[in-house]
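J.:
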């Protein structure tokens, strides 16, 4: 009977380990919270049923109780075995007879849930496959030698590519820029030739091919910096909440590397997840320790606050500080900055509203009244008729509206 008690205790240890694994999985995948909670509930109920059988097992293990049971030929507990679908191991337990049916029901639910969780983890752990760009391949074929020679002159562009998480080497990106410039130049020549063929152009329009090529080159040069700025803003929006999440996980005293793995797997922090994956790549692929990896990524990330967090984490881990306390303090600071930024945007939106009312509501009304008076008096302005002036005014109001919308969207922080 003591052997039965030992088997039950082993089963209880397994249940506790499974519950801990499910809790960690729930923290990294909030979208399946209901599924995880139902799994935890079934495991907890199994634990209660196993504990309920312990007193009877102890009684049956007693020499006095053993003589009584031998006389009556009756036992309160029953042995049972099963093969776990998740681990493929055969396990033995003892349970009260009246609880056998209920235990099997809960066991089926929990084992099915564990199999489902393992499948989800396997799906999430599949490395993201990035297909090579056919355009980059063609561009490298023609301009790789030229771009390799030019790469040393574009250090700032190389840094922007890394900060913006653009998955191209500097030489490949330059090859695509040169290729696009040539395509734009040829396209400009075609447009010029068509216009000349229909007598819709003159030789002054010969600058069109050069203009299109210049625009293409400028777009390729400026895009990485713009994308890096966008990534920096997105990280700032996610940082307070990701830090709060990390502090909550750190409260369970798990290994720091697992904290980063949970955040990287989460779909809630896309931009911070990319930066954390860089840390994990340096650990898993290049063999660096966590502290060195954090310092390396801190030097290259586009967001100063995230760089500060990574550097602080590296110092905290290397000195053996309280990780949870540090993350909680940083979360408070980041959350305060987040609220101040929201308040700043609210004030800016109020200023924009005042300017909008003055320029696009009051001013057009005044102009309309002035044009009516000028029309009655038979006057014009600069040789333009009142109809032309009205048309230009409507176009101007539409253009300024578009400018206001673009600027407001650029300044608006993401929710």
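Numbering (my numbering), first residue to last: 1095 to 1509.
Don't be surprised by glycine CBs; every beta carbon is placed ideally from N, CA and C.
According to DSSP, is residue 1186 helix, strand or coil?
T.: As a working mapping, residue 1186 is identified with position 92 in the chain shown. Residue 1186: strand per DSSP, three-state reduction.
J.: Taking the straight line between their C-alpha atoms, what separation do you get for residue 1305 and residue 1405?
T.: Residue mapping note: residue 1305 aligns to position 211 of the chain shown, counting from 1. Residue mapping note: residue 1405 aligns to position 311 of the chain shown, counting from 1. Approximately 45 angstroms between the Cα atoms of the pair.
J.: Starting from residue 1437, trace the alpha helix (DSSP H) in both directions and tell me its first and last residue.
T.: Against the chain shown, residue 1437 aligns to sequence position 343. It spans 1417-1450 - the alpha helix (DSSP H) in which residue 1437 sits, taken as one unbroken run.
J.: Taking Cβ to Cβ, would you say residue 1134 is nearer than 7 angstroms to residue 1116?
T.: Reading the chain shown from its first residue, position 40 is the one you call residue 1134. Reading the chain shown from its first residue, position 22 is the one you call residue 1116. Against a cut-off of 7 angstroms, the Cβ pair of residue 1116 and residue 1134 comes out as a contact.
J.: Count Cβ pairs between the segment 1260-1279 and the segment 1234-1241 that sit closer than 8 angstroms; are there 3 or more?
T.: Touching, per the Cβ criterion.
J.: What residues in its chain sit with their C-beta under 6 angstroms from that of residue 1395, if we drop five residues either side in the sequence?
T.: Taking the chain shown and counting its residues from 1, one reaches residue 1395 at position 301. Correct list, in chain order: 1369 and 1401.
J.: Quick one: what's got a C-beta closer than 7 angstroms to residue 1229's C-beta in the same chain, skipping five residues either side?
T.: As a working mapping, residue 1229 is identified with position 135 in the chain shown. Result list for residue 1229: 1270, in chain order.
J.: Just verifying my parser: in three-state terms, what is the DSSP assignment at residue 1478?
T.: By 1-based counting over the chain shown, the position of residue 1478 is 384. Strand at residue 1478.
J.: Report the partner residues of residue 1173 according to the DSSP bridge assignment.
T.: In the chain shown, counting from the first residue as 1, residue 1173 sits at position 79. Per DSSP, 1188.
J.: Report, in whole angstroms, the separation of the C-beta atoms of residue 1323 and residue 1399, which I expect to be a contact under 8 angstroms.
T.: The residue labelled residue 1323 in the question sits at position 229 within the chain shown. The residue labelled residue 1399 in the question sits at position 305 within the chain shown. So it is not a contact: roughly 14 angstroms between Cβ atoms.
J.: Here's the rule I'm using: 16 or more other beta-carbon atoms within 10 Å means buried, otherwise exposed. How should residue 1346 be labelled?
T.: Along the chain shown, read from residue 1 onward, the residue named residue 1346 stands at position 252. Counting Cβ neighbours within 10 Å, residue 1346 comes out exposed, since fewer than 16 surround it.
J.: Rounded to a whole number of angstroms, what is the C-alpha to C-alpha distance between residue 1144 and residue 1130?
T.: The residue you call residue 1144 lines up with position 50 of the chain shown. The residue you call residue 1130 lines up with position 36 of the chain shown. Cα to Cα, residue 1144 sits roughly 21 angstroms from residue 1130.
J.: Is residue 1164 helix, strand or coil when you go by DSSP?
T.: Within the chain shown, the letter at position 70 stands for residue 1164. Note that residue 1164 scores a pLDDT of 48, beneath 50, so its modelled location is shaky; the value from the coordinates is reported in the next line. Of the three classes helix, strand and coil, the one that applies to residue 1164 here is helix, per DSSP.
J.: Let's test the definition: count the other Cβ atoms within 10 Å of the Cβ of residue 1275 and tell me whether it reaches 16, buried, or not, exposed.
T.: For the purposes of this step, residue 1275 is identified with residue 181 of the chain shown, where counting begins at 1. Flag for residue 1275 reads buried.
J.: Which same chain residues end up closer than 8 angstroms to residue 1273 when comparing Cβ atoms and leaving out the 5 residues on each side of it in sequence?
T.: In the chain shown, the residue the question calls residue 1273 occupies position 179. For residue 1273, where only same-chain residues beyond five positions count, the Cβ hits under 8 angstroms are 1229, 1232, 1233, 1236 and 1237.
J.: Starting from residue 1274, trace the alpha helix (DSSP H) in both directions and tell me its first and last residue.
T.: For the purposes of this step, residue 1274 is taken as the residue at position 180 of the chain shown. Residues 1264-1291.
J.: Whole angstroms are fine: how far does the CA of residue 1341 sit from the CA of residue 1419?
T.: Taking the first residue of the chain shown as 1, we reach residue 1419 at position 325. Taking the first residue of the chain shown as 1, we reach residue 1341 at position 247. Going from the Cα of residue 1419 to the Cα of residue 1341 covers about 8 angstroms.
J.: Measure the beta-carbon distance from residue 1351 to residue 1384 and round it to whole angstroms, keeping in mind my assumption that it falls under 8 angstroms.
T.: As a working note, residue 1351 is residue 257 in the chain shown. As a working note, residue 1384 is residue 290 in the chain shown. Indeed they touch by this definition, with Cβ atoms about 6 angstroms apart.
J.: Can you have a look at residue 1332 and say buried or exposed, based on whether 16 or more other CB atoms are within 10 angstroms of its CB?
T.: Start at 1 with the first residue of the chain shown, and residue 1332 comes out as number 238. By the neighbour-count rule (16 or more Cβ atoms within 10 Å), residue 1332 is buried.
J.: For residue 1368, name the three-state secondary structure that DSSP assigns.
T.: For the purposes of this step, residue 1368 is taken as the residue at position 274 of the chain shown. It is helical.
J.: Between the alpha carbons of residue 1386 and residue 1408, how many angstroms are there, rounded?
T.: Within the chain shown, residue 1386 is the residue found at index 292, counting from 1. Within the chain shown, residue 1408 is the residue found at index 314, counting from 1. Their backbone Cα atoms lie some 7 angstroms apart in a straight line.
J.: Can you tell which of 1104, 1185 and 1200 has the C-alpha that lies nearest to the C-alpha of residue 1137?
T.: Mapped onto the chain shown, residue 1137 falls at position 43. Taking only the C-alpha atoms, the option nearest residue 1137 is 1200.
J.: So, helix, strand or coil for residue 1261, using DSSP?
T.: As a first step, residue 1261 is located in the chain shown; it is residue number 167 there, counting from the start. Residue 1261 falls in the coil class under three-state DSSP.
J.: Hey, quick one: how far does the alpha helix (DSSP H) through residue 1361 stretch, first residue to last?
T.: For the purposes of this step, residue 1361 is identified with residue 267 of the chain shown, where counting begins at 1. Unbroken run through residue 1361: none, as it is neither H nor E.
J.: Anyone know if the C-beta pair for residue 1310 and residue 1358 falls short of 7 angstroms?
T.: The residue you call residue 1310 lines up with position 216 of the chain shown. The residue you call residue 1358 lines up with position 264 of the chain shown. Not closer than 7 angstroms, so no.
J.: Nearest CA to the CA of residue 1282: which residue from 1455, 1141, 1354 and 1308?
T.: Your numbering for residue 1282 matches position 188 in the chain shown. Here the closest residue by C-alpha is 1308.
J.: On the criterion of 16 or more Cβ atoms from any shown chain inside 10 Å, does residue 1149 qualify as buried, or is it exposed?
T.: Stepping through the chain shown from its first residue, residue 1149 is reached at position 55. Burial call: exposed.
J.: By the three-class DSSP mapping on this structure, what secondary structure does residue 1349 have?
T.: Residue 1349 sits at position 255 when you count from the first residue of the chain shown. Correct three-state label for residue 1349: coil.
J.: Excluding five sequence neighbours on each side, which residues of the same chain lie with their C-beta closer than 8 angstroms to the C-beta of residue 1194?
T.: As a first step, residue 1194 is located in the chain shown; it is residue number 100 there, counting from the start. Contacts found: 1172 and 1174.
J.: Does the beta-carbon of residue 1495 have 16 or more other beta-carbons within 10 angstroms, so that it is buried, or is it exposed?
T.: In the chain shown, counting from the first residue as 1, residue 1495 sits at position 401. Residue 1495 should be labelled exposed.
J.: Within 10 angstroms of its Cβ, does residue 1455 collect 16 or more other Cβ (buried), or is it exposed?
T.: Within the chain shown, the letter at position 361 stands for residue 1455. Exposed: under 16 other Cβ atoms inside 10 Å.
J.: Nearest-angstrom Cα distance between residue 1258 and residue 1390?
T.: Along the chain shown, one-based indexing puts residue 1258 at 164. Along the chain shown, one-based indexing puts residue 1390 at 296. Distance between the alpha carbons of residue 1258 and residue 1390: 16 angstroms.
J.: From residue 1473 to residue 1479, what does the alpha carbon distance come to, in whole angstroms?
T.: As a first step, residue 1473 is located in the chain shown; it is residue number 379 there, counting from the start. As a first step, residue 1479 is located in the chain shown; it is residue number 385 there, counting from the start. Taking the straight line joining both Cα atoms gives about 8 angstroms.
J.: Between which two residues does the alpha helix (DSSP H) holding residue 1315 run?
T.: Position 221 of the chain shown holds residue 1315. Segment 1301-1344, the alpha helix (DSSP H) holding residue 1315.
J.: For residue 1374, which residues in the same chain have their Cβ closer than 7 angstroms to its Cβ, ignoring the five residues on either side in sequence?
T.: As a first step, residue 1374 must be located in the chain shown, where it is residue number 280. 1354, 1355 and 1358.
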